[in-house]
Amino acid sequence: MTTLRTSVVLLLTAIGSFLSVGAQSQFDRQLNALDKMIDSCRSHKIDTLLAKAICNRAALFYNHAMDDSIINHVPKDMVEVRKTGQWNQYYELWTHLANTYLYSGQPNKALREVQAMFDDAKQRGDNYGMGYAYYTMGSVYATLSNYDESINSYQKGLDLLSNINPYPTVLPDLYAYYGDILNLKKEYQQLEKLTKRWQDFLKEYEEQYKTTISEDTKKVLYTYYYMACAQAHLGLGQLGPGEDDLKKAYALIDSETSLRAQSWLFYMAKLRYQQKRYPEALKLNDKRMALFDDSDMTVYIDIISQRADILMALGHYKEAADYYLRMYQINDSVNTQGTKQQLNEMNTLFKVDELKMEKERAQFRNTMIIVGLIILALVIFSIFRYIAAKRLKVAHEKLQTTHEELLTAYDQLEETTTAKERIESDLRIARDIQQSMIPQKFPPFPERTDIDLFASMTPAKAVGGDLYDFILLDEKLYFCLGDVSGKGVPASLFMAVARNLFRVVSQQGLPPAEIADKLNNALSEDNDSGMFVTMFIGIIDLPTGRLDFCNAGHNPPVIKMHDGTTHFIEMEANAPLGLWAGLPYEGEHIDDISGCPFFVYSDGLNEAENENHDQYGDDLLLEMLEKHEFVSSQQTVEMMKADVVRHANGAEQSDDLTMLCVKVQGNLPKL
576 MTTLRTSVVL LLTAIGSFLS VGAQSQFDRQ LNALDKMIDS CRSHKIDTLL
626 AKAICNRAAL FYNHAMDDSI INHVPKDMVE VRKTGQWNQY YELWTHLANT
676 YLYSGQPNKA LREVQAMFDD AKQRGDNYGM GYAYYTMGSV YATLSNYDES
726 INSYQKGLDL LSNINPYPTV LPDLYAYYGD ILNLKKEYQQ LEKLTKRWQD
776 FLKEYEEQYK TTISEDTKKV LYTYYYMACA QAHLGLGQLG PGEDDLKKAY
826 ALIDSETSLR AQSWLFYMAK LRYQQKRYPE ALKLNDKRMA LFDDSDMTVY
876 IDIISQRADI LMALGHYKEA ADYYLRMYQI NDSVNTQGTK QQLNEMNTLF
926 KVDELKMEKE RAQFRNTMII VGLIILALVI FSIFRYIAAK RLKVAHEKLQ
976 TTHEELLTAY DQLEETTTAK ERIESDLRIA RDIQQSMIPQ KFPPFPERTD
1026 IDLFASMTPA KAVGGDLYDF ILLDEKLYFC LGDVSGKGVP ASLFMAVARN
1076 LFRVVSQQGL PPAEIADKLN NALSEDNDSG MFVTMFIGII DLPTGRLDFC
1126 NAGHNPPVIK MHDGTTHFIE MEANAPLGLW AGLPYEGEHI DDISGCPFFV
1176 YSDGLNEAEN ENHDQYGDDL LLEMLEKHEF VSSQQTVEMM KADVVRHANG
1226 AEQSDDLTML CVKVQGNLPK L
């Protein structure tokens, strides 16, 4: 039995080796061999090779774009591989499934899969699985044009997978995709830093796989590396090193029509353009355009954008304008403000402003319709007057009086409309002033890597009564979030006073309870309107992570613990600020919130209603914060805001919605 099992292992290993180098084989032959290998492994219970064979079959489907086969086979294959305990292959299968959804136009479904994959790997403490999840998450976010989250995910995936020995074979792709997004975002210094790490990685990767990596594969890996170096150098204006990089990349390209060759043509044209060698740049762009196969219109937009820039530099303004117009027509999402401005400039020079002419034609048509309606109304009115004058002479005086009353009412309506527009203008100005009073720049302390803070206020009316603020003073972060009774202009004025008082009193370095005392006494003075504000006031000692706070009648904040659970913090019941002067306020503290996201909000969140008057509720609030992995404070706030909109389902916002999330990282050693 042992001899037979050993023979089977040797045979299956040989088949696996044959498949790994048999890229020239027919698809049916490869699939047939894999199916036989899987059946043999099952019958002889060889779990290691079984998992690899199943994973190779999924890769075969994926590489041949057989989406239906992936979707039908992989979920069942994952169940089988999970039972074998071969976790690397398990997460590789899951990656194939998520990528299939992504590249078949279902990015949201892909995002759900990759989030479930990450949660599964995290629960098991599997860095391989979490690394693959972050890698796939980066691709999903890139497809959704959320490039900041894409960069963040790629970086986390890179850090995790780089600590695995031997290196996972997906790492070269991760470097390449990461570099593309950094280039797209014009983060050239960060890209240059990545290429230095990339170079060291390639040397180690080549050494680890020296017995299996082919010369063709090495050429591909180093081509993409040198292309990334060229992107960074060209972006930083370092044209000499950029040209050297492109020469090294070209030496590794075998086919003049390959994707690598097409990318090389694009960046070589960019180099010649930056060197002001415009005729050479245009010839290179001609070659690149001739190779375009209509597979990716975003790539085509890049090509014609480059061509328009070159033509503009050559003085071929009419042709440049045509290409800018073509860009505008291909895809609105790529029609940036810069492209619009360039198009308008060309239209001014050569009077090819088709967009403007179309707009004018539409305006003319609308004007003619309005004129026709006015004429028709006048004709009807004249006929009515004629009939009335002829048949109702007795009522003429009454009709004249009514007509004068209508004119008076029209004048009053016009005055009312003007006043309404003036009030709306004033409210817009008030809203802008109010928004400028609360912090809008995030991250607020870019030099502090130990503070991750984000806040947002969405008023229910033009102006609102919610507020938030924060200041950094002597290694302590003072912050507050409040909700003024009522809405609209009165609440906004009371909010402005409360916010300014908090900022002034906080500068004195007082504890939260004393800050609340002073705010309450000041707001209670001459408060004939009876307005008040609920407020949570907190102070975080950054070195230790200690949170001192005072809650003045506000909603209890939520804290997410290190184990991922969430709960409302327990607090003393203090009165809101501004009701009665002299009330004592009790302060409390939490020893250490380092590494724990802390979420403060107004009741516009948990009391948000849909068309059936169902409230969002505390349970859903806790559930959302607990089931979603914390990525950043900004992501948390935006996620909650989006889910409130989902819950409301079109219902009008009835209360101001304000949220603040903060996560600090104490730097004192824990005993």
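Sequential numbering of the sequence shown, starting at 576, is according to this note's numbering.
Backbone N, C-alpha and C fix where the C-beta goes; we use that ideal spot for every residue, glycine too.
Contact annotation: the stretch 648 to 656 does not touch the stretch 689 to 709, with fewer than three C-beta pairs closer than 8 Å. By the neighbour-count criterion, in which a residue is buried when 16 or more other Cβ atoms sit within 10 angstroms of its Cβ, residue 1084 is exposed.
Residues of the same chain with a CB within less than 6 Å of the CB of residue 751, apart from the 5 flanking positions on each side, are 799 in chain order. Three or more beta-carbon pairs separated by less than 8 Å are not found between the stretch 785 to 798 and the stretch 760 to 767, which leaves the two stretches without contact. Excluding its 5 nearest sequence neighbours in each direction, residue 849 has C-beta neighbours in its own chain below 7 Å: 809 and 814, listed in chain order. In this structure, the beta-carbon distance from residue 1124 to residue 1159 does not fall below 8 Å.
Distance from the CA of residue 642 to the CA of residue 892, rounded to the nearest whole angstrom, comes to 45 Å. Within the same chain, Cβ atoms closer than 7 Å to the Cβ of residue 845 are found at 809 and 881, the five residues on either side in sequence being excluded. Rounded to the nearest whole angstrom, the C-alpha separation of residue 894 and residue 611 is 60 Å.
Counting every other CB atom within 10 Å of its CB across the protein chains shown gives residue 872 a total below 16, marking it as exposed. Bounds of any beta strand (DSSP E) do not take in residue 808; it lies within the alpha helix (DSSP H) bounded by 790 to 810. The C-alpha of residue 670 is placed about 15 Å away from the C-alpha of residue 644. Here residue 1239 is near residue 1052, since their CB atoms are less than 8 Å apart. Around the beta carbon of residue 1155, fewer than 16 other beta carbons lie within 10 angstroms, which makes this residue exposed.
Here residue 1121 carries a strand assignment [DSSP, helix/strand/coil]. As computed with DSSP, residue 1113 is found in a beta bridge with 1054 and 1124. Between residue 1035 and residue 1231, the beta carbon gap of about 5 Å places them in contact (Cβ cut-off 8 Å). Listed as beta-bridge partners of residue 1190 by DSSP are 1184. Taking the Cα positions, residue 702 is about 8 Å away from residue 739.
In the structure shown, residue 671 adopts helical secondary structure according to DSSP, grouped into three states.
Per DSSP, the beta bridge partners of residue 1135 are 1141. The beta carbons of residue 856 and residue 863 sit no closer together than 8 Å. At a Cβ-Cβ threshold of 8 Å, residue 732 and residue 710 count as neighbours. Looking at the backbone, the Cα of residue 859 and that of residue 720 are separated by about 29 Å. Of the residues assessed, residue 706 falls on the buried side of the cut-off, its CB having 16 or more other CB atoms within 10 angstroms. Counted as a single uninterrupted DSSP element, the beta strand (DSSP E) harbouring residue 1029 occupies residues 1026 to 1033. Beta bridge pairing from DSSP links residue 1046 with 1053. In the three-state reduction of the DSSP assignment, residue 684 falls in the helix class. With fewer than 16 other CB atoms across the displayed protein chains lying within 10 angstroms of its CB, residue 618 is exposed.
Under DSSP, residue 1149 forms a beta bridge with 1127. Put simply, the backbone Cα of residue 779 is about 9 Å away from that of residue 742.
One Cα belongs to residue 767, the other to residue 884, and the distance between them is close to 25 Å. When the beta-carbon positions are compared, residue 1218 and residue 1117 stay at least 8 Å from each other. Residue 867 carries a coil assignment under DSSP once its states are collapsed to helix, strand and coil.
Contact between residue 1045 and residue 1059 is absent: CB atoms are separated by about 18 Å, not below the 8 Å threshold. Within the DSSP bridge table, the entry for residue 1108 names 1059 and 1152 as partners.
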